[in-house]
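Working notes for the structure below.
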């Protein structure tokens, strides 16, 4: 979850202000955990990746 | 490029809980929570009891709340929004960002119509007035709150009725 741009690092912004970063496999786990624990959202891998954007 | 092409990902669905987490710091009420002072949104699915859900997630993220109060509902963009007030202790989840709570006029309309626009501050004002009434009427609520909390809530009781309380 470094703030420095890294190759292959994707970013998802949650409406609550949390910004999640990681490689594809890392990000899916991070976002699914946050979504369920904080918002009771059951996010699929596809949903997470559809919201992910490369870190600029 | 991170977010310029689409809005942040948020909760969806026909029923969502909107949670306002409040703590007393000194003699001032503060809004705080997992989303800082912003409202915290939780999806409530068909199998969920919204009250239990709010209590469980609050406990998991901030520790056991002192009070969970279902205060109001309104129609939202994609369904019904259930508003909750969650009271946490002064030293609970103190790392979370917070802002002082100011007073607001309530959102009103005719006697048979919902208000057409309801601001966040008005939902919080309504919630605190409701809890202020419960603090006088409900022993469980009164017992859950400290004397300092009850003193602050006394300011939320309509003036003509203040003498009726304890």
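Chains as they are written, first to last, in the working numbering: chain R, 76 to 131; chain H, -9 to 156.
No residue lacks a Cβ here, since even glycine has one placed at the ideal position from N, Cα and C.
Remember, it's a predicted structure, so these values are computed and weren't measured experimentally.
Query	Result
Grab me the residues of residue 4(H)'s own chain with a C-beta within less than 8 Å of its C-beta, minus the 5 sequence neighbours each way, in chain order.	68, 69, 70
Taking residue 120(R) as the query, report the chain H residues whose CB atoms sit under 8 Å from its CB, ordered along the chain.	Here the premise fails: no neighbours, minimum Cβ distance about 14 Å.
Using DSSP bridges, identify the partner residues of residue 71(H).	6(H), 64(H)
Give me the DSSP bridge partner(s) of residue 32(H).	7(H)
Rounded C-beta distance between residue 20(H) and residue 88(H)? I'm assuming under 8 Å.	4 Å
List the residues of chain H whose Cβ lies closer than 8 Å to the Cβ of residue 132(R), in chain order.	What is shown of chain R runs 76 to 131, which leaves residue 132(R) out entirely.
Check whether the Cβ atoms of residue 75(H) and residue 117(H) sit closer than 9 Å, and answer yes or no.	yes
Just the Cα atoms here: how many angstroms apart are residue 84(R) and residue 103(R)?	12 Å
Output, in chain order, the set of chain R residues within a Cβ distance shorter than 7 Å of residue 33(H).	114, 115, 116
Shorter than 9 Å from the beta carbon of residue 185(H) to some beta carbon of chain R?	Residue 185(H) cannot be examined here, being either before or after the span of chain H that is shown, -9 to 156.
Could you tell me the distance, in whole angstroms, from the CA atom of residue 111(R) to the CA atom of residue 147(H)?	37 Å
Check whether the Cβ atoms of residue 60(H) and residue 48(H) lie closer than 9 Å to each other.	no
So, residue 2(H) versus residue 30(H), is the Cβ gap smaller than 9 Å?	no
Would the beta-carbon of residue 140(H) fall within 9 Å of that of residue 130(H)?	no
Just tell me which of 65(H), -3(H), 25(H), 12(H) has its CA closest to the CA of residue 103(H).	65(H)
Just reading off the beta strand (DSSP E) that residue 24(H) is part of, what are its end residues?	24 to 27
Enumerate in chain order the residues of its own chain whose CB-to-CB distance from residue 108(H) is below 8 Å, with the five nearest sequence positions on each side excluded.	64, 97
On the three-state DSSP scale, how would you describe residue 52(H)?	helix
Determine whether the beta carbon atoms of residue 142(H) and residue 14(H) lie at a separation below 9 Å.	yes
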